[in-house]
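These protein sequences, in sequence, are chains A and B.
The first sequence begins at 0 in numbering that gives the first Met the number 0 and counts up by one.
The second sequence begins at 0 in numbering that gives the first Met the number 0 and counts up by one.
Quick reminder that beta carbons are idealized off the backbone N, C-alpha and C, glycines included.
Note that the coordinates shown come from a computational prediction; the quantities given were computed from them, not determined experimentally.
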Amino acid sequence: MKNLKYFLILIGFIVLISACKKDEPTEPAEDTPFKATPYVFDIPNHFPTIMNIPEDNPMTVEGVELGRYLFYDGRLAGREDEGLYMSCGTCHLQEYSFENGVGFGHGLPDSNGYSKPSPHVMLPMINLVWNHEGYLWNGMISKNNTNLGSAGYGVPAEPQFHMRNIESLVWMGIAAAHEMNSTVDASVNAIKNISIYPPMFEAAFGTPEINYDRIAKAIAQFIRTLVASDSKAHKVFRGDENFSDSERRGFNLFVTEQGADCFHCHGSEGAPLFTTHLFYNNAKDSFFSGIYDDPRDRYHITGNPTDLGAYKATTLINIEKTGPYMHDGRFKTLDDVINFYNSGLKWSPYADPLMHKLVPPYGNGAELTPFQIADLKAFLLTLTDEAFLTNPDFAKPAGLQY
Amino acid sequence: MNELFKLLLLTLFSVILIAFYSCKKDEPIPDENPSEKSGKLIFKFNHVIDGQNIDYDTIKYVNEAGNKYGVNVIQYFVTDVTLHKSGGTSMMIDDWTDFAYVDTDIPTTLTWEVFDPIPIGNYDSITFTLGFNEVKNQSFMFVNPPEVNMVWPVYLGGGYHYLKINTKWIDTTGLARGCAWHLGIGQTYDSSGIVNGFIQNYFTVGLPNSSFEITENNTKEIQIVMNVENWFKNPNTYNFDDFGGDIMQTQAAMILGCENGHDVFTIGYIQ
Chain A
0 MKNLKYFLIL
10 IGFIVLISAC
20 KKDEPTEPAE
30 DTPFKATPYV
40 FDIPNHFPTI
50 MNIPEDNPMT
60 VEGVELGRYL
70 FYDGRLAGRE
80 DEGLYMSCGT
90 CHLQEYSFEN
100 GVGFGHGLPD
110 SNGYSKPSPH
120 VMLPMINLVW
130 NHEGYLWNGM
140 ISKNNTNLGS
150 AGYGVPAEPQ
160 FHMRNIESLV
170 WMGIAAAHEM
180 NSTVDASVNA
190 IKNISIYPPM
200 FEAAFGTPEI
210 NYDRIAKAIA
220 QFIRTLVASD
230 SKAHKVFRGD
240 ENFSDSERRG
250 FNLFVTEQGA
260 DCFHCHGSEG
270 APLFTTHLFY
280 NNAKDSFFSG
290 IYDDPRDRYH
300 ITGNPTDLGA
310 YKATTLINIE
320 KTGPYMHDGR
330 FKTLDDVINF
340 YNSGLKWSPY
350 ADPLMHKLVP
360 PYGNGAELTP
370 FQIADLKAFL
380 LTLTDEAFLT
390 NPDFAKPAGL
400 QY
Chain B
0 MNELFKLLLL
10 TLFSVILIAF
20 YSCKKDEPIP
30 DENPSEKSGK
40 LIFKFNHVID
50 GQNIDYDTIK
60 YVNEAGNKYG
70 VNVIQYFVTD
80 VTLHKSGGTS
90 MMIDDWTDFA
100 YVDTDIPTTL
110 TWEVFDPIPI
120 GNYDSITFTL
130 GFNEVKNQSF
140 MFVNPPEVNM
150 VWPVYLGGGY
160 HYLKINTKWI
170 DTTGLARGCA
180 WHLGIGQTYD
190 SSGIVNGFIQ
200 NYFTVGLPNS
210 SFEITENNTK
220 EIQIVMNVEN
230 WFKNPNTYNF
240 DDFGGDIMQT
250 QAAMILGCEN
260 GHDVFTIGYI
270 Q
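So, in structure tokens, the structure goes:
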């Protein structure tokens, strides 16, 4: 009788447990689509949470690794038969925050041996995953630029201009005369003939097929991983380090209107990308006609006269490493830049209203003392992220020869 | 045997009863006031000078002080929107994420579809805070653009700009000069120019003629108009030449703007 009681209680528990079993998800179908390993971003403190990643190019570990190889493979230019090699990494050097360190670049030579210079100096290729305002100095590559791909705009409808993102820039790197000076077909064929790539494409995209779409997507994925967030300034903002007295005074000048007022365009502790990614005429020039000026300024994208002479505000992270400065590289050193903002502004009706230190009729500037200039520079030097500049995850793969 | 049968029956009955209640599916929590009927509210923001839509980037307006000026962009936060009823009761649109950031360069920000359901009834007036009060105005609470670009440096009080009007005026040289006409937390300084205190400059805006009715399951659209010229008059005549191109460290200038702010906003329409 006693055993029967226990037996019945046991039956009761079994019924209870069975009855309360949660609804199980249905079994996945046998032909589950290919899934690479999702790439997980570790978003640094106070950095944006909204990232510019196209829906049709999700980040994967395998895609990023493939992108790193392609970024650094000189055979990507498709001109190996001429003995010419160029990759993205030929000019975009990690030690210079993925600029070239010298200013204007030159493309691979054409059949006459002419190497075309780039129209602008480079922008640092860092933290671009948080850029929503368009790429290049004038923001031409942008989801908002509906002219991209239209007849007469100077770029083809495809490849990749439906994405209007970093993927589109890869085409530019291959085709532009001032860069690889090649063709997409030559580039794809070159990559197809390299034995290491089919398995890498299969790991990244599910099949070994190599085409331009996949090349562009993989390189774009790698570029989106180039996150610089560990400068001394960032560590101070996180509470891990302290500024020196000079650096602290320099930072206060950086964020105050009566100081140097850099922060409205270049961020601060609360906007740690150190750029708004927006476009400003920063009073470098006094004459704009709209006709004879740089055909690659912001005005030539928007058609708004107030954008004459306006260019993207660059990030100041690693600013020490990214000279020469401005879109045309006119300032060779960081001292030149500080001196410009201190006393070299040039009045024009097109200067941005935020350039409030621009006093007509000539210009002027922040009018800092020599001691204040030294403090401001001391702060700017704290924006160098040495760990980023030497991070092996961003470096050329060890086994890659070309 | 009879006793065994009773025990068996009792056990089975208990098990079924417990299983029935313990396996009851999760049900949604009912509304606190299921009987309260509600409608929706949409705010539209418009910006005018002298009653006309603004011709941006054009220096063609004249303020009370006689300054010729133009506007490049206007950006600001509207918070603590409160709907007042007769008898002194009120309802704050209190979902914390439901502030409004308004930016004349970003058309989508000119419409604010309020998330909160609004109880039906007649409302006599609307008030809101321009910017954030000292409790809510916390540094680092925004990390994404465009709001993050409103950051107000910690050294100057922290948090975020209440308002930015990027403008140009014709100064005494007869040429255009830029002005970052920005409002936010003010500072006091010691004799050596070091910040030694802060002044909360946010203020409450009361909207005249803002009575409206919310009916069940209907949406009421209310247009809020910023009359930009009023920032520069009544009670204070603001002269750009007096303060120059930057004011966020000049409390004497910011307070003039804040005091003028009481009648800057009006109702355009309610429909």
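Which residues of the stretch 356–376 of chain A have a Cβ closer than 8 Å to any Cβ of chain B? Give them in chain order. Against chain B - using a Cβ distance shorter than 8 Å - the residues of the stretch 356–376 of chain A are Lys356, Leu357, Val358, Pro359, Pro360.
Three or more C-beta pairs closer than 8 Å, one from the stretch 307–318 of chain A and one from the stretch 367–382 of chain A: is that the case here? These segments touch.
Contacting residues, own chain, Cβ-Cβ under 8 Å from B:Thr81 (five flanking each side not counted): The beta carbon of B:Thr81 sits closer than 8 Å to the beta carbons of Ser89, Met90, Met91, Ile92, Ile125, Thr126, Phe127 from its chain, once the five residues preceding and following it are set aside; these are given in chain order.
Whole runs of the alpha helix (DSSP H) within the stretch 35–87 of chain A, excluding any shorter than 4 residues: The qualifying runs are 60–71.
Does A:Ile300 have its Cβ less than 9 Å from a Cβ in chain B? So, not an interface residue.
Can you give, in chain order, each stretch of the beta strand (DSSP E) that sits fully within the stretch 113–145 of chain B and has at least 3 residues? You should have 120–122, 124–129.
Let me know the secondary structure DSSP gives A:Asn363 once reduced to three states. A:Asn363 falls in the strand class under three-state DSSP.
To the nearest whole angstrom, what separates the beta carbons of A:Gly364 and A:Leu344, a pair I think is in contact under 8 Å? With 8 Å as the limit, A:Gly364 and A:Leu344 qualify as a contact, their Cβ atoms being about 5 Å apart.
Measure the alpha-carbon distance for A:Ala76 versus A:Thr301 and round it to whole angstroms. So the two alpha carbons sit approximately 32 Å from each other.
Starting from B:Gly196 and walking both ways along the alpha helix (DSSP H), at which residues does that stretch end? That residue, B:Gly196, is in no alpha helix (DSSP H); its beta strand (DSSP E) goes 194–198.
In the stretch 253–264 of chain B, which residues sit with their C-beta less than 7 Å from some C-beta in chain A, listed in chain order? If the cut-off is 7 Å between Cβ atoms, the stretch 253–264 of chain B has nothing near chain A.
Alpha carbon to alpha carbon, what distance is there between B:Ser210 and B:Lys84? Their backbone Cα atoms lie some 9 Å apart in a straight line.
Among A:Leu388, A:Leu375, A:Met58, which residue has its Cα nearest to the Cα of A:Phe250? The shortest C-alpha separation from A:Phe250 is found at A:Leu375.
Would you mind telling me which residues of chain A sit closer than 7 Å to B:Val289, beta carbon to beta carbon, in chain order? As shown, chain B starts at 0 and ends at 270. That puts residue 289 of chain B outside it, with no answer to give.
Does the Cβ-Cβ distance between B:Thr166 and B:Asn226 come in under 9 Å? 9 Å or more divides the Cβ of B:Thr166 from the Cβ of B:Asn226.
Taking only beta-carbon positions, decide if B:Lys36 is within less than 9 Å of chain A. So, not an interface residue.
One question on the structure: do A:Ile222 and A:Phe40 come within less than 9 Å of each other, judged by their Cβ atoms? Cβ distance not < 9 Å, so A:Ile222 and A:Phe40 don't count as in contact.
Exposure of A:Ile165, with buried meaning 16 or more beta-carbon neighbours within 10 Å: Result: buried.
Which bits of chain A does B:Asn165 rub up against, with CB to CB less than 7 Å? For the C-beta of B:Asn165, the chain A residues within less than 7 Å are, from N- to C-terminus, Pro352, Leu353.
Taking only three categories from DSSP, how would you classify B:Val61? Residue state, collapsed to three classes: strand.
Roughly how many angstroms separate the alpha carbons of A:Pro32 and A:Phe204, rounded to a whole number? If you take the alpha carbons of A:Pro32 and A:Phe204, they lie about 11 Å apart.
Is any beta-carbon of chain A found at less than 9 Å from that of B:Met225? No, no contact with chain A.
With distances taken from CA atoms, which of B:Tyr122, B:Met253, B:Cys178, B:Gly173 is nearest B:Ile198? In this structure, B:Met253 is the residue among B:Tyr122, B:Met253, B:Cys178, B:Gly173 with its C-alpha nearest to the C-alpha of B:Ile198.
How many angstroms separate the CA atom of A:Ser342 from the CA atom of B:Lys67? C-alpha separation (whole angstroms): 27 Å.
Compare the C-alpha of A:Ala232 against each of A:Leu277, A:Phe103, A:Pro37, A:Asn44 and name the closest. Ranked by Cα distance from A:Ala232, the options A:Leu277, A:Phe103, A:Pro37, A:Asn44 are led by A:Asn44.
With 16 other Cβ atoms within 10 Å as the buried cut-off, status of A:Glu268: It counts as buried.
Which residues in the same chain have their Cβ closer than 8 Å to the Cβ of B:Tyr20, if we skip the five residues on either side of it in sequence? Unreliable placement is indicated for B:Tyr20, whose pLDDT of 49 sits below 50; the coordinate value is still reported in the next sentence. No residues qualify anywhere along the chain.
Along chain B, in chain order, which residues have C-beta atoms closer than 7 Å to that of A:His263? Chain B residues near A:His263: Ala179.
Verify whether the separation of the beta carbon atoms of B:Val204 and B:Asn229 is less than 9 Å. Cβ distance not < 9 Å, so B:Val204 and B:Asn229 don't count as in contact.
Does any C-beta atom of chain A lie closer than 9 Å to the C-beta of B:Val272? No answer is possible for residue 272 of chain B: the residues shown for chain B start at 0 and end at 270.
Closer than 7 Å, Cβ to Cβ, to anything on chain A: give me those residues from the stretch 222–249 of chain B, in chain order. If the cut-off is 7 Å between Cβ atoms, the stretch 222–249 of chain B has Gly244, Asp245, Met247, Gln248 near chain A.
Tell me which residues share the same chain as B:Ile169 and place their Cβ nearer than 8 Å to its Cβ, disregarding the 5 neighbours each side in the sequence. Ile58, Asn66, Lys67, Tyr68, Ala175, Arg176, listed in sequence order.
Going by the CB atoms, is the gap between A:His355 and A:Glu246 shorter than 9 Å? It is not a contact, given that the beta carbons lie outside the stated cut-off.
Local Cβ density within 10 Å of A:Thr89, reported as buried at 16 or more and exposed below that: Answer is buried; the Cβ neighbour count reaches 16.
Start-to-end residues for the alpha helix (DSSP H) that takes in A:Ser342: Counting along the chain, the alpha helix (DSSP H) containing A:Ser342 begins and ends at 333–342.
Does B:Ala175 have its Cβ less than 9 Å from a Cβ in chain A? Closer than 9 Å: yes.
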